[in-house]
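The structure appears below as structure tokens.
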Amino acid sequence: MLDNYNRNIHYLRISVTDRCNLRCKYCMPEDGVKLINHCDILSFEEIFEFTKIAVKYGINKVRITGGEPLVRKNIVELIRMLSQIKELQDLSLTTNGILLKEFAKPLADTGLKRVNISLDTLDENKFKQITRGGDITKVFEGIEAAKNAGLEPIKINCVIEKSHNEPDAIKVKEYCDNNGLIIRFIHRMNLKTGEFSVVEGGTGGNCNICNKLRLSSDGYLRPCLFNDIKFNVRELGAEKAIQTAIENKPKCGTHSYNNSFNIIGG
Ligand code: SAM
Ligand code: SF4
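If you read the sequence shown in my numbering, its first letter stands for residue 5, the second for the next number, and so on.
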């Protein structure tokens, strides 16, 4: 469906949880955040029903995100359900990779097409620092498992401070080049102050060509990461929420005070 600025909105990002098994410094405070009540989290049935309606409005690409999507109980079942929607041409997932060794094969077997995996450094200690305790060997095992399961092309999300010439970024790029992975550099963003820029190697952050809607795990549809507007899917119903979100999609993002990466998934 076209929005008011002639952008074709066909990409839905679904955050399935606000929980995470890491605490990345740029995403979450050390002692976590106030968690959404379990009863407010959309059920798989609700997500499935919403997506079936969204494809009628032109959504043909879905990405599952979080928090960390692989900590959501029975996530493989959600993939199985969504993969039955034949209008979906692309079904992918963004993960920190920690649990991917275990999940890659079942996810691929039930219909997931590909994964994006986050990796900002190759250094074990630095990784531990950035993620506040994460074990980088698990991510490497996860990447290997994703390859073996055919979840390709595998994209690596690498958050950078200022430039892709930072030493960590250079090493991650080399690792990607040597292992058949596609690198995407994401400049560290700040939702509250509206600091955002285009994802290098991707399309995110470019308002002129933004084609996304985001569904949060507590059932709000958000037309823009850098704007506070959101529409309650349970209260409005999927059709009205989708129409209203598209009609109100801002021409360009500014800032958002009530949004956070761990809830909306980037
Ligand atoms: N937990 C999963 C992961 O880390 O891949 C999925 C959710 S995470 C919020 C999605 C992406 O957002 C990750 O690639 C992460 O690096 C990125 N991200 C989180 N906080 C960010 C920030 N402040 N600026 C830029 N990217 C950020
Ligand atoms: Fe968790 Fe992903 Fe946020 Fe890191 S970036 S804290 S892995 S949700």
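Glycine residues also receive a C-beta, built at the ideal position from the N, C-alpha and C atoms.
Out of curiosity, what's the CA-to-CA distance linking residue 177 and residue 187? Within the sequence shown, numbered from 1, the residue matching residue 177 stands at position 173. Within the sequence shown, numbered from 1, the residue matching residue 187 stands at position 183. Looking at the backbone, the Cα of residue 177 and that of residue 187 are separated by about 6 Å.
Among the candidates 30, 64, 80 and 32, whose CA atom is the shortest distance from the CA of residue 48? Walking along the sequence shown from the start, residue 48 turns up at place 44. The candidate whose alpha carbon is nearest that of residue 48 is 80.
What's the C-alpha gap between residue 205 and residue 164? As a first step, residue 205 must be located in the sequence shown, where it is residue number 201. As a first step, residue 164 must be located in the sequence shown, where it is residue number 160. A straight-line Cα-Cα distance of about 13 Å links residue 205 and residue 164.
Taking 6 Å as the limit between beta carbons, can you name the residues of its chain near residue 238, skipping five residues before and five after? Taking the first residue of the sequence shown as position 1, residue 238 is located at position 234. Listed in chain order, the non-local C-beta contacts of residue 238 below 6 Å within the same chain comprise 223, local neighbours out to five positions each way being set aside.
Identify, in the order they occur along the chain, each residue of the same chain with its Cβ nearer than 7 Å to the Cβ of residue 30, setting aside the five sequence neighbours on each side. In the sequence shown, the residue the question calls residue 30 occupies position 26. Cβ neighbours of residue 30 beyond the five flanking positions: 163 and 192.
Are the segment 230-247 and the segment 81-92 touching, with three or more C-beta to C-beta distances below 8 Å? With a cut-off of 8 Å, the segment 81-92 and the segment 230-247 do not count as touching, because too few Cβ pairs lie within range.
So which of 254, 16, 160 and 75 has the shortest CA-CA distance to residue 52? On the sequence shown, residue 52 is found 48 positions in, with the first residue counted as 1. Residue 52 has its Cα closest to that of 16, out of 254, 16, 160 and 75.
Specify whether the segment 126-138 and the segment 103-114 touch according to this definition: at least 3 beta carbon pairs, one from each stretch, less than 8 Å apart. At 8 Å Cβ cutoff, the stretches do not touch.
Using the beta-carbon count (16 or more within 10 Å), is residue 201 buried or exposed? Numbered from 1 along the sequence shown, position 197 holds the residue referred to as residue 201. By the Cβ neighbour-count rule, residue 201 is exposed, with fewer than 16 other Cβ atoms within 10 Å of its own.
Would the beta-carbon of residue 221 be found less than 7 Å away from any heavy atom of the ligand SAM? Residue mapping note: residue 221 aligns to position 217 of the sequence shown, counting from 1. No, since every heavy atom of the ligand SAM falls outside the 7 Å radius drawn around the Cβ of residue 221.
Could you say which of 36, 220, 268 and 242 lies nearest to residue 45 if we only look at CA atoms? In the sequence shown, the residue the question calls residue 45 occupies position 41. Cα-wise, what sits closest to residue 45 is 220.
Distance cutoff 8 Å, beta carbons only. Does residue 58 sit that close to anything in chain D? Looking at the structure shown, chain D is missing, and only one protein chain is on hand.
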